[in-house]
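Take a look at the structure set out below.
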Amino acid sequence: MRKHSIWLAALLVCILSMGAFGGRAGAASAESVAPPSAAEFQAWLDGFKTRAAARGISAATLDRALTGTSYITRVIELDRRQPEFTMTFWQYYEKTISDKRIARGRELLKTHADLLAKVEAQYGVPPRFLVAFWGLESNFGDYTGTFPLIGALATLAFDPRRSKFFSEQLLAALEIIDRGDIPADVKASWAGAMGNTQFIPSTYRAYAIDFDGDGRRDLWRSLPDVFASSAHFLMKSGWRRDETWGREVRLPKSFDFALSGLDKKLKLKEWQAKGVRRADGRDLPLADIDAALILPAGANGPAFLVYNNYETILVWNRSILYALAVGHLADRLIGKGPLVAKKPSNDKALSRSDMRDIQRLLGEKGFDAGGQDGIAGSKTRRAIKAYQGREGLAPDGHPDSRLLEHLRGNGG
Ligand code: CA
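Okay, structure coming up:
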């Protein structure tokens, strides 16, 4: 599944398949796919080889990497799965932030302290974040994928629906092999996410670093390369070395939920003036930092103030839940406590058809939810917010069963 932990770097894949909130769970259906004949696939591969050669990839690399490459039906099945449920914040949180993962991450933080300090000195990303990404992406290197990289990418590039994006990824992977970074028979996720960091090939090509100086950028077997590559990617994506990612906060009794959303930034002192406090009740820090308030489980769930570095985590993976998990796991690795907010007893994932109902009912009431795809994207959330505002509900933009009942009860 969206191994939320495993193939995350595939930004486009995430955007296409997950909507803004990321986590996926539950039964998944898959279309059955008729594979091409071997001759048909080989003809396509031959044509691709010509294009790759024109891009400057050596004939030796192309022969080594593409000879014997076959179409992998399973990759297409995985790509076309439509999950029946989207994970709730709490389901995602429990899946990604386990006590076991925290304990192991703390150990690894100690074991690799010297190396991580060197990487931080050069790129400005603190060790706790590098270990948190490592834990979420591959469970600290346990899961780097079992599909032949070139076969998986060639299969997706052959698929007309995915051809443009994955043809580019296949070319990037061949260039990485051509420069001698990795062997041609390397294994990756079904979507071509690579190594301990699960970088997609274009990210690997652009940001991977040979930190141990052996001449190869190896994100499978070299932890110096793994940590430095993560830090380099984050640095180039706008990471600020002197700031953290954000924190859980407590909201005052009467709070204007229309202030929530990543696009609404206020200074910390302005949030303080509106009655927002740290989760333990203490004042917010006085730093002159812009922060946005996000409510991943709606007005009745936990609230977070997030800073610039949170948005940098979103460059790595455009999932709000993933970015919160990275930030929170990083905090746990240095001894901070669990969330103060508690999971409600009625936490329940909406099914895709419930979500489609919400979109349809919003549309019938004059709020443009952007079609009925069953995914709560930004347009749907804006429509929910507008509906909530008109109905006198807390305008948190969050789809849940309570919202669905309200929509149905109002003449839907
Ligand atoms: Ca190296």
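For the sequence shown, the working numbering begins at 3 and goes up steadily by one.
Glycine included, each C-beta is placed from N, C-alpha and C at the ideal position.
Being a predicted model, the structure only gives us computed values, none of them experimental.
Within a Cβ cutoff of 7 Å, which residues of the same chain sit near residue i, ignoring the five residues on either side of it in sequence?
i	result
F23	Its pLDDT being 36, under 50, F23 is placed unreliably in this model, and the value from its coordinates should be taken loosely. Correct list, in chain order: T88, S321, I322, L323 and A378.
G137	R103, G107 and L331
E245	I291, Y309, N310 and N311
A385	L364, F369, D370 and A371
S204	E170, Q171 and A174
A54	L64, L173 and L176
Q274	D285 and L286
R207	A174, E177 and I178
V211	In the sequence under discussion, the amino acid at residue 211 is Ile, which differs from the Val named in the question. Correct list, in chain order: R219, D227, A230, S231 and H234.
L297	S262, G303, A305, D398 and H400
Relative to the alpha-carbon of residue i, which residue among the options has its alpha-carbon at the smallest distance?
i	options	result
W156	S355, P129, N311 and S72	Correcting the residue type first, residue 156 is Ala in the shown sequence and not Trp. Checked all of S355, P129, N311 and S72; the closest Cα to A156 is S72.
L288	K271, D101 and L264	K271
D116	D349, L225 and Y95	L225
K120	D227, G368, L307 and K51	D227
L404	G376, A351 and R362	First, the residue type needs correcting, since residue 404 is Arg and not Leu in the sequence shown. It is A351.
H400	A299, F167, R207 and K255	A299
D48	P162, A67 and I179	A67
W46	G215, K266 and F160	F160
L335	I178, L111 and P150	L111
S165	L307, S347 and A193	A193
R279	A56, R252 and G411	R252
D375	Y389, F306, E366 and M357	M357
K269	G248, G339 and I78	G248
F257	Y95, N302, G215 and S353	N302
A40	G70, G126, F167 and K51	G70
S347	D265, K367 and Q93	Q93
I306	D359, V127 and F91	A small correction: the amino acid at residue 306 is Phe; Ile does not occupy that position in the sequence shown. It is F91 whose Cα lies nearest to the Cα of F306.
D183	G153, F43 and D216	D216
A195	D187, A186, G337 and A154	A154
A281	V317, D402 and P254	P254
D81	F142, S191, S353 and P185	S191
L151	N141, E139, P185 and F135	P185
L316	D349, F135, L395 and K51	F135
E96	L409, L326 and F50	L326
Is residue i helix, strand or coil by DSSP?
i	result
E250	strand
R280	strand
K345	coil
L297	coil
S380	helix
K189	strand
A396	coil
D463	The chain is shown only over 3 to 414; residue 463 falls outside these bounds and no answer can be derived.
S353	strand
L10	For L10, the predicted structure reports a pLDDT of 39, less than 50, and the residue's modelled location is therefore unreliable. A value from the coordinates is still provided. Three-state result, L10: coil.
A175	helix
F201	strand
S19	Because S19 sits at a pLDDT of 34, beneath the cut-off of 50, its placement in the model cannot be relied upon, and the point is left open.
F369	coil
K166	helix
A305	strand
K267	strand
L409	helix
S403	helix
Can you give the beta carbon distance from residue i to residue j, rounded, assuming they're within the 8 Å contact cut?
i	j	result
V328	F201	The Cβ separation is near 15 Å, so there is no contact.
T314	S380	Incorrect: roughly 19 Å between the Cβ atoms, too far for contact.
A260	P397	5 Å
F294	G263	As written in the sequence, residue 294 is Ala, which differs from the Phe given in the question. Going by Cβ atoms, the distance from A294 to G263 rounds to 7 Å, so yes, they are a contact pair.
G373	Q361	7 Å
D214	S60	That pair is no contact at about 25 Å.
G143	W241	With 8 Å as the limit, G143 and W241 do not qualify as a contact, their Cβ atoms being about 22 Å apart.
L406	D359	6 Å
Report all residues from its chain with a CB closer than 6 Å to the CB of residue i; omit the five preceding and five following residues, and keep chain order.
i	result
S169	A159
L341	E250 and P304
G197	T146, L221 and W222
F439	There is simply no residue 439 to check, as the chain begins at 3 and stops at 414 in what is shown.
K189	G147 and T148
A388	F369
R383	G399
P128	E122
Residue i: beta carbon under 7 Å from a heavy atom of ligand 2?
i	result
D359	Absence of ligand 2 from the depicted structure is noted, with ligand 1 being the only ligands included.
Take residue i and list the residues in its own chain whose beta-carbon comes closer than 8 Å to its own, dropping the five residues that flank it on each side.
i	result
Q124	A230 and A233
Alpha helix (DSSP H) runs wholly inside the region 70 to 149, at least 4 long, in chain order: 75 to 81, 91 to 98, 101 to 113, 115 to 125 and 129 to 140
In chain order, which continuous runs of the alpha helix (DSSP H) of length 4 or greater are located wholly inside the region 39 to 64? 40 to 56
Along the chain, which unbroken stretches of the alpha helix (DSSP H) at least 4 residues long are found entirely within the region 204 to 263? 225 to 238
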